[in-house]
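Counting along the sequence shown from 1, when you hit position 65 you're at 65 in full-length UniProt numbering, and nothing is skipped either side.
Cβ atoms here follow ideal geometry from the backbone N, Cα and C, with glycine treated the same way.
Structure record follows, encoded as structure tokens.
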Amino acid sequence: MFPTVVRSPYFESQKDRIKKQLEETRNTMAKNVEMMTQNIATAEELEIQSNEMSINAQQFKKQAVVLRKTYWWKNFKLWLLIVISLVLILCLIGGIVTLAVINLK
Numbered sequence: 001m002f003p004t005v006v007r008s009p010y011f012e013s014q015k016d017r018i019k020k021q022l023e024e025t026r027n028t029m030a031k032n033v034e035m036m037t038q039n040i041a042t043a044e045e046l047e048i049q050s051n052e053m054s055i056n057a058q059q060f061k062k063q064a065v066v067l068r069k070t071y072w073w074k075n076f077k078l079w080l081l082i083v084i085s086l087v088l089i090l091c092l093i094g095g096i097v098t099l100a101v102i103n104l105k
């Protein structure tokens, strides 16, 4: 015949406690793996966004240079027009004064 195994309540409670600890450890590990997976996905999304921002910054810099040159030329043309207008006005005034002096003689 088979020997009868007598299990004590202490043994059962210790076994249950170990099972409970193992289950808690498994759950904690599963949560950690899930969080790690989410962190990796978040890091990948951040990397993609960072690359897109870098590309946008380069495009912005190029467009800013073009815009700065465009407005520099517009400003240059405006000042050139102002200077030429002033020279013409001064020549016109000088011509009128010269004619007036000649007519007075």
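Taking the alpha-carbon positions, what's the residue i to residue j distance?
i	j	result
M53	Q59	10 Å
Y71	A64	10 Å
N51	A41	15 Å
K62	L90	42 Å
I18	T25	10 Å
N75	I93	27 Å
L46	R68	32 Å
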